[in-house]
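Working notes, structure below.
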Amino acid sequence: MNYHVNGVELHVEEQGQGDMALVFLHFYGGSARTWDKIIDVLKKDYHCIAYDHRGWGDSDKSAASYTIQDLADDAHALIQELGLKRYMLVGHSMGAKAAQLLASRNPAGLEALILVAPSPPTPQDMPQEIRNAMVHFYDSREGAEMALSNIALLPLEENIREKVLEDMQKSAPLARVAWPETAMLEDISAEVKNIHVPTLVLAGESDPVDRLDTLKSELLPRIPHAELLVIPQTGHLSPLEAPSEITKGISNFLSKQRLENGE
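Using the numbering used here, the letters of the sequence shown map in sequence onto residues 2 to 264.
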């Protein structure tokens, strides 16, 4: 289903039920489908909402701006449109940076934050030539295959691999440019200190993009109450490389939150 929020049309997929919602934000190159295997399990107990960011998947590709603030504003507007009373944010990579910014505003109804292979709140240290290359990675299948080989450590099932390559190319040119040239460089480190909900960070042990050492130095010290769970021998696409481990980590964290809330 599509929802018109914050000036754009977002493609949204809803599954499951319950009084607690999980709102999933995907990575640069992904779509709502990134979360399929994880939602297949969690939908038994939670209202799961995954959507395509502006410029990606089946969402509106006519927007002129794709900053982290835009993505955070979109998520908040969608949450309000859906009338969610209790929810948790689950963000991956770029989506996790947007989730951090939204969580820092302490919006009504937010009860926890789950960051999967998250981009740090500080500007990412990356050579300019790599940023320049990233702009064009998703222009063709060949470029998408190269990008995928650079960020995933574990082999993907063939049908999953095809979906990822399709998602990478199914994007607006401005959205492809915005992350390496603008959003990746945005500094939200002052804002994330205002996050007051329980936070879980799921990091791939061998993530070549958002490295474990970077998360330990740039993210974890800045978010109060954040706890770290390392997924062994996993790269940057952990929701696709190791969906069972990610699902288990999320489920255990959610169960812990329910116990602490007396549910």
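Yeah, the Cβ is synthetic: ideal placement off N, Cα and C, and Gly gets one too.
Residue nearest to residue i in terms of C-alpha spacing, selected from the options
{"i": "Leu315", "options": "Ile232, Ala145 and Ile50", "result": "Here the chain has residues from 2 to 264 only, and residue 315 is not among them."}
{"i": "Asn195", "options": "Asp140, Glu146, Arg259 and Pro222", "result": "Pro222"}
{"i": "Leu213", "options": "Gln234, Val198, Gly19 and Val193", "result": "Gln234"}
{"i": "Val6", "options": "Phe25, Trp36 and Leu79", "result": "Leu79"}
{"i": "Glu187", "options": "Tyr67, Gly31 and Gly17", "result": "Tyr67"}
{"i": "His137", "options": "Leu83, Arg177, Trp36 and Glu219", "result": "Arg177"}
{"i": "Asp59", "options": "Lys171, Val231, Lys44 and Lys38", "result": "Lys171"}
{"i": "Leu220", "options": "Ile232, Glu192, Asn160 and Pro209", "result": "Glu192"}
{"i": "Arg87", "options": "Trp180, Gly19 and Gly31", "result": "Gly19"}
{"i": "Pro156", "options": "Glu182, Lys45, Ala243 and Val198", "result": "Ala243"}
{"i": "Ser105", "options": "Glu246, Ile224 and Glu82", "result": "Ile224"}
{"i": "Leu111", "options": "Gly263, Leu23 and Thr123", "result": "Leu23"}
{"i": "Asp208", "options": "Leu149, Gly263 and Pro174", "result": "Leu149"}
{"i": "Val198", "options": "Asn107, Glu130 and Glu158", "result": "Asn107"}
{"i": "Asp46", "options": "Trp36, Met21 and Asp37", "result": "Met21"}
Contact belief for residue i with residue j at Cβ below 8 Å, rounded distance in angstroms
{"i": "His226", "j": "Thr200", "result": "6 Å"}
{"i": "Ala33", "j": "Tyr52", "result": "5 Å"}
{"i": "Gln101", "j": "Ile189", "result": "6 Å"}
{"i": "Ser239", "j": "Val117", "result": "6 Å"}
{"i": "Tyr29", "j": "Ser94", "result": "6 Å"}
{"i": "Leu215", "j": "Pro121", "result": "Note that residue 215 is Thr in the sequence shown, not Leu. So it is a contact: roughly 6 Å between Cβ atoms."}
{"i": "Leu241", "j": "Leu203", "result": "No, Leu241 and Leu203 are not in contact; Cβ-Cβ is about 13 Å, not under 8 Å."}
{"i": "Gly205", "j": "Ile161", "result": "The pair is not a contact, with the Cβ atoms about 16 Å apart (cut-off 8 Å)."}
Assigned exposure category for residue i - 16 Cβ within 10 Å defines buried
{"i": "Asp211", "result": "buried"}
{"i": "Met2", "result": "exposed"}
{"i": "Leu260", "result": "exposed"}
{"i": "Ile40", "result": "buried"}
{"i": "Ala184", "result": "buried"}
{"i": "Gly56", "result": "buried"}
{"i": "Glu228", "result": "exposed"}
8 Å Cβ cutoff met for residue i and residue j
{"i": "Leu103", "j": "Ala76", "result": "yes"}
{"i": "Gln258", "j": "Ala113", "result": "yes"}
{"i": "Gly84", "j": "Leu26", "result": "no"}
{"i": "Leu72", "j": "His48", "result": "no"}
{"i": "His237", "j": "Ala145", "result": "no"}
{"i": "Lys62", "j": "Ala173", "result": "yes"}
{"i": "Glu82", "j": "Arg132", "result": "no"}
Near the ligand GTP: residue i beta-carbon under 7 Å from a heavy atom
{"i": "Ile161", "result": "Among the components of this structure there are no ligands whatsoever, and the ligand GTP is therefore not found."}
Using 8 Å as the Cβ pair cut-off and three pairs as the minimum, do the segment 158-177 and the segment 254-262 touch? The answer is no - the segment 254-262 does not touch the segment 158-177, with fewer than three Cβ pairs under 8 Å.
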